[in-house]
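If you read the protein sequences in the order shown, they are chains D and V. Residue numbering for the first sequence follows my numbering, starting at 874 and increasing by one per position. Residue numbering for the second sequence follows my numbering, starting at 152 and increasing by one per position. First comes the structure, then the notes that go with it.
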Amino acid sequence: AQSVTQLGSHVSVSEGALVLLRCNYSSSVPPYLFWYVQYPNQGLQLLLKYTTGATLVKGINGFEAEFKKSETSFHLTKPSAHMSDAAEYFCAVNGGYQKVTFGIGTKLQVIP
Amino acid sequence: NAGVTQTPKFQVLKTGQSMTLQCAQDMNHEYMSWYRQDPGMGLRLIHYSVGAGITDQGEVPNGYNVSRSTTEDFPLRLLSAAPSQTSVYFCASSYSTVGELFFGEGSRLTVL
């Protein structure tokens, strides 16, 4: 069985401040980890992914995430929030054969 | 490229009615899946397919049927709609068992 826990269903940051969205996972096999972003009334789109290799992964729009096996974490960060970053963010784990488990999502609010 | 196309975008049904949500992709992806998105619950896998003629159940399959007669199409059938099936439905596809998912824009279904 696998699971994903996203801490904080709502996160507010000031424009220009650090964005940190937390994700912890459990998986019985080496996981493939993903962050997706969803803008209002749209489907999800990929921000970044970890498959194998380098544990610090860079994605689109200045986001990055670090895979920490010992902490079973894959937290998403961005040094400086922009208004356009306001969206809902989903962490997901793929244990193989596209059996993907998503977290409940974190809505990011950016305050001007 | 159109990517993943879902129709209809909106649908209102009465309890007991049946309908089919259509999903088509033009990326020649072998893997396709259906998710439902409910507030506070993230995305949950309904059914998935690893290729034409092959389907399997996900986390919440009850009340839904699927078939995969071609690589491009993966329709989701509601046999007898219930209010609990009110949700936003997303179709997704991928080029591999562990690759990222490409999502459609969603279909919002209301069952009265």
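Using N, Cα and C, we set each Cβ at its ideal position, and we do this for glycine too.
Taking Ser169/V as the centre and dropping the five residues before and after it, the same chain places the C-beta of Arg228, Leu229, Leu230, Ser231 and Ala232 closer than 8 Å to its C-beta, in chain order. In the three-state reduction of the DSSP assignment, Gly202/V falls in the strand class, which pools E and B. For Asn216/V, the pairing in a beta bridge is given by DSSP as Arg228/V.
The segment 905-913 of chain D makes contact with the segment 958-966 of chain D, as at least three CB pairs between them are under 8 Å. Under the 8 Å Cβ criterion, the segment 215-226 of chain V does not count as touching the segment 946-955 of chain D, having fewer than three qualifying pairs. Taking 7 Å as the Cβ-Cβ cut-off, the segment 921-933 of chain D approaches chain V at Lys922 and Thr924, given in chain order.
For Thr248/V, the chain D residues whose C-beta falls within less than 7 Å of its own C-beta are Gly969, Tyr970 and Gln971, listed in chain order.
Taking 8 Å as the cut-off, the beta carbon of Val930/D is found closer than this to the beta carbon of Lys922/D. Proximity of Leu917/D to chain V, defined by a Cβ-Cβ separation below 8 Å, is satisfied.
Three or more pairs of CB atoms, one per stretch, sit closer than 8 Å, so the segment 253-262 of chain V contacts the segment 155-167 of chain V. In terms of Cβ geometry, Gly209/V and Tyr199/V form a close pair [threshold 8 Å]. Taking the beta carbon of Gly978/D as reference, the chain V residues within 7 Å of it are Gly193, listed in sequence order. The beta carbon of Ala960/D is closer than 7 Å to those of Val910, Gln911, Tyr912 and Leu981 in its chain, skipping five residues each way along the sequence. In terms of beta-carbon proximity, Tyr905/D lines the interface with chain V, with at least one pair separated by less than 8 Å.
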